[in-house]
Structures are given as C-alpha cells and as structure tokens.
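Numbering (our numbering), first residue to last: 2 to 264.
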C-alpha cells in the first residue's frame, strides 16, 4: 500500500463512517479494488488509525455537547446529563457482547468475501428506504429505545451494514426526533471505538516493525478531514429526512459487488 492508496482509503473511511453506506463494507471493497494487500497485523493497525481519525472528527463536531455532558455528570444529584450518559452505556451493551463473543467469527466470514458484503449493503439500502414511513412522536430517547438502538448497532459489526444508517433509522422508526437520533447515534459510538482501539492495541496482533508511518499519517489526515465534513453533512441529511436517497446507492453497489465477484 502506498500513499495514494492510504489517502483513498482514508477518504473512504471518513465519508462512509458517517454517511449511511457502511464504512467497513467500503473498506473491504476498496482494498480489493486497490489491491492494497496488507498483512493481517498491518491491516488491523491501519484500520485502528482510520477509526481513531473519525472518532476525533466526531468529538470535534460534538465538542460542546460532550463538554456539557461531562460537566453535568460531575454533579452529585441525578440530572439529565447522568441519564443521557446512562442511555449511552445501555446502548453499548449489545455491541460489546457481540464484539467479545463473535468478532473473530464475523471477521473470518466476511474478510475478502465481497458477495456477503454486497448482500449486507442491499439490506442497508432497504433499511434506509423504510425511513420514509417513520413518524416523529417524541424528542427524548428512552432507556428502552437506547437498548433497541444498541441492538441495531451490534448488527453493524457485520461489514456492509451501516452503523450510522442502522442506528439512526432504528431511532427514527421508533418515533424519535431526527436531530436527537443523529446526535445519539454519533455520541454512542465514541466509547466503543476507543474501547475497540485499546483492545486491539493490547491484543498482540499488531506488528509495528517495518511500518511505513508516512503512509499511515496520510491515511489518518485524509480520514480526519473528510470525517469532519461528512459528519456535518450527515446531520443536515437527517434533519432534512433525506436518508432514503442513499438507499439506491447501497442496493446498486451491493448488486454490482455480487455480480462482479460471481463472474
């Protein structure tokens, strides 16, 4: 993998981490298209770098909300910030369980399997179409809804299932406010990303020898800058109730992936 490949994959991660089209699915397809052959250890490290970049993008976009939550949580008395943080913790439970017990099986099944990734992209496209029937009923996400949204996030461990698409669509279909759905979706994943990064760094599956760090730096910068743009864009898309416009893209890309790999 050279600098150009790293920049392309970084841009791909930055856009697809936030837009409802599956970052993991696009990275799998991107590596196949670019022939970006990496050893498993190098592949894992590069993925960590890209996810760290988009996590920082999310933190910067939502810095005011995060600061408010942290300040409010210092209070001794239970308040809205404590409740919101508890909802985020609840939403993490399904993904943590799936990640701990089934991550390797899912990775083995889907790595390099573009046909399965394409099938999951089609499912993502169908889910995005369903947002057209959603009706906004309330502005506050309940504890129960946070768990259901967390289940949809757990399914997004599968490459091809968009995490942002699955969580925001689920929240909207439950009748939650558009802005609150998007905000909750992006905030709920931050602890998971950093938890996953720490877990992978201590897994002894990463080789730091013979790594071209310049390539990784370019990947990080491209993912970070693109992520800032994509996160803000996604907030506008959700606000305008336009998630379904990505459904056709996901379905078509999924079909193309399946057809090409079957030839």
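For every residue, glycine included, the Cβ atom is placed at its ideal position computed from N, Cα and C.
Exposed unless 16 or more other CB atoms sit within 10 angstroms - verdict on residue 229: As a working note, residue 229 is residue 228 in the chain shown. Answer is buried; the Cβ neighbour count reaches 16.
Residue 201 to residue 123 span [Cα, whole Å]: As a first step, residue 201 must be located in the chain shown, where it is residue number 200. As a first step, residue 123 must be located in the chain shown, where it is residue number 122. C-alpha separation (whole angstroms): 29 Å.
Straight-line Cα distance separating residue 103 from residue 72: Here the question's residue 72 lines up with position 71 in the chain shown. Here the question's residue 103 lines up with position 102 in the chain shown. Roughly 36 Å separates the two Cα atoms.
Cα-Cα separation, residue 88 to residue 24: Reading the chain shown from its first residue, position 87 is the one you call residue 88. Reading the chain shown from its first residue, position 23 is the one you call residue 24. So the two alpha carbons sit approximately 25 Å from each other.
Alpha carbon of residue 86 to alpha carbon of residue 111, nearest angstrom: Translated into the one-based positions of the chain shown, residue 86 becomes position 85. Translated into the one-based positions of the chain shown, residue 111 becomes position 110. Taking the straight line from one Cα to the other gives about 33 Å.
Rounded C-alpha distance that separates residue 117 from residue 254: To locate residue 117, count along the chain shown from 1; it is residue 116. To locate residue 254, count along the chain shown from 1; it is residue 253. Rounded to the nearest angstrom, the two C-alpha atoms are 12 Å apart.
Inter-stretch contact (C-beta, 8 Å, three-pair minimum) for the segment 212 to 224 and the segment 4 to 19: yes
Cβ pair residue 54, residue 187 closer than 7 Å: Your numbering for residue 54 matches position 53 in the chain shown. Your numbering for residue 187 matches position 186 in the chain shown. The answer is no: Cβ separation not under 7 Å.
For residue 103, the first and last residue of its enclosing alpha helix (DSSP H): Taking the chain shown and counting its residues from 1, the one referred to as residue 103 is at position 102. 81 to 111 is the span of the alpha helix (DSSP H), which, as asked, contains residue 103.
Helix, strand or coil at residue 114 according to DSSP, with G and I counted as helix: On the chain shown, residue 114 is found 113 positions in, with the first residue counted as 1. In this structure, residue 114 counts as coil in the three-state DSSP scheme.
Minimum C-alpha distance to residue 210 - residue among 34, 46, 50, 152: In the chain shown, the residue the question calls residue 210 occupies position 209. The candidate whose alpha carbon is nearest that of residue 210 is 46.
Between the CA atoms of residue 164 and residue 189 - distance to the nearest angstrom: The residue you call residue 189 lines up with position 188 of the chain shown. The residue you call residue 164 lines up with position 163 of the chain shown. Cα to Cα, the separation comes out at about 11 Å.
DSSP three-state assignment for residue 177, whether helix, strand or coil: On the chain shown, position 176 is the one that residue 177 refers to. Looking at residue 177 - three-state DSSP - the assignment turns out to be strand.
Cutoff 6 Å; reference residue 227; Cβ partners in own chain excluding five residues on either side: Within the chain shown, residue 227 is the residue found at index 226, counting from 1. Cβ neighbours of residue 227 beyond the five flanking positions: 12, 15, 16.
Status (buried if at least 16 other CB within 10 Å, exposed otherwise) for residue 263: Position 262 of the chain shown holds residue 263. When all chains shown are included, residue 263 counts as exposed.
Cβ distance (whole Å) where residue 248 is taken to contact residue 129 below 8 Å: As a working note, residue 248 is residue 247 in the chain shown. As a working note, residue 129 is residue 128 in the chain shown. With 8 Å as the limit, residue 248 and residue 129 qualify as a contact, their Cβ atoms being about 4 Å apart.
Start-end ranges of the beta strand (DSSP E) lying completely within the segment 178 to 239, minimum 3 residues: none
Alpha carbon of residue 138 to alpha carbon of residue 108, nearest angstrom: For the purposes of this step, residue 138 is taken as the residue at position 137 of the chain shown. For the purposes of this step, residue 108 is taken as the residue at position 107 of the chain shown. Taking the straight line from one Cα to the other gives about 38 Å.
Buried or exposed (CB count within 10 angstroms, at least 16 for buried), residue 260: Locating residue 260 in the chain shown gives position 259, where the first residue counts as 1. By the neighbour-count rule (16 or more Cβ atoms within 10 Å), residue 260 is not buried but exposed.
Run of the alpha helix (DSSP H) containing residue 141, from where it starts to where it stops: Residue 141 sits at position 140 when you count from the first residue of the chain shown. It is not in any alpha helix (DSSP H) - residue 141 carries neither H nor E in the DSSP assignment.
DSSP three-state assignment for residue 22, whether helix, strand or coil: In the chain shown, counting from the first residue as 1, residue 22 sits at position 21. In the structure shown, residue 22 sits in coil (DSSP, three-state: anything other than H, G, I, E or B).
Cut-off 7 Å between Cβ atoms - residues of its own chain near residue 265, not counting five sequence neighbours on either side: Because the chain is modelled from 2 through 264, residue 265 falls outside the range shown and cannot be assessed.
CB of residue 194 within 7 Å of CB of residue 171, strictly: As a working note, residue 194 is residue 193 in the chain shown. As a working note, residue 171 is residue 170 in the chain shown. Result no, Cβ atoms of residue 194 and residue 171 do not sit closer than 7 Å.
Three-state secondary structure (DSSP) of residue 63: One-based indexing of the chain shown puts residue 63 at position 62. Three-state DSSP puts residue 63 in coil, outside helix and strand.
Assigned exposure category for residue 115 - 16 Cβ within 10 Å defines buried: Along the chain shown, read from residue 1 onward, the residue named residue 115 stands at position 114. Looking at its Cβ environment, which holds 16 or more other Cβ atoms inside 10 Å, residue 115 is buried.
For residue 75 and residue 51, the rounded distance between their alpha carbons: Counting from one through the chain shown, the residue named residue 51 turns up at place 50. Counting from one through the chain shown, the residue named residue 75 turns up at place 74. One C-alpha to the other measures close to 32 Å.
Unbroken alpha helix (DSSP H) run spanning residue 256, endpoints: Residue mapping note: residue 256 aligns to position 255 of the chain shown, counting from 1. Note, residue 256: alpha helix (DSSP H), 248 to 263.
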